[in-house]
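Below is one structure; the comments refer to it alone.
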Amino acid sequence: MTNTVNELPASPEPEKLGIKELLIQLQTAIEAEENLTPKNKEKVLKQVKALAEASQNPNDEEKQDLADTAITTSELASHT
Numbered sequence: 007m008t009n010t011v012n013e014l015p016a017s018p019e020p021e022k023l024g025i026k027e028l029l030i031q032l033q034t035a036i037e038a039e040e041n042l043t044p045k046n047k048e049k050v051l052k053q054v055k056a057l058a059e060a061s062q063n064p065n066d067e068e069k070q071d072l073a074d075t076a077i078t079t080s081e082l083a084s085h086t
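With the numbering used here applied, the sequence shown has no gaps in its numbers, which climb one by one up to 86 at the end.
Encoded structure:
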């Protein structure tokens with residue numbers, strides 16, 4: 007997972023966070039979250055990886071579908 011995120015390019019504007027920086031922050035927050043079980047952390051980190059892969063391959067329809075699923079899953083989880 008970390009390798010996938012680290013392969014992303016850094017933000018072209020140092021004063022603004024890009025996708026790489028945001029995903030690193032998200033990964034760190036997930037790993038530090040005490041209310042998530044290790045199994046749930048693994049599931050959520052797979053979703054973060056899907057987002058990273060989709061951003062690396064914007065024309066890959068399969069990767070984009072995985073990213074859409076990750077976003078939908080996170081939206082549903084935030085409403086429960």
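For glycine and all other residues, C-beta sits at the position ideal for the given N, C-alpha and C.
Quiz prompt | Pairwise C-alpha distance: E59 and K74 | solution = Sequence check: residue 74 is Asp here, not Lys. C-alpha separation (whole angstroms): 12 Å.
Tell me the rounded alpha-carbon separation between S61 and A76.
Note on geometry: alpha-carbon atoms of S61 and A76 lie some 13 Å from one another.
Could you check if K55 is buried or exposed, using at least 16 other CB atoms within 10 Å of its CB as the buried criterion? buried
key: Cβ-Cβ distance between L51 and Q33 below 8 Å   = Yes. Within cutoff.
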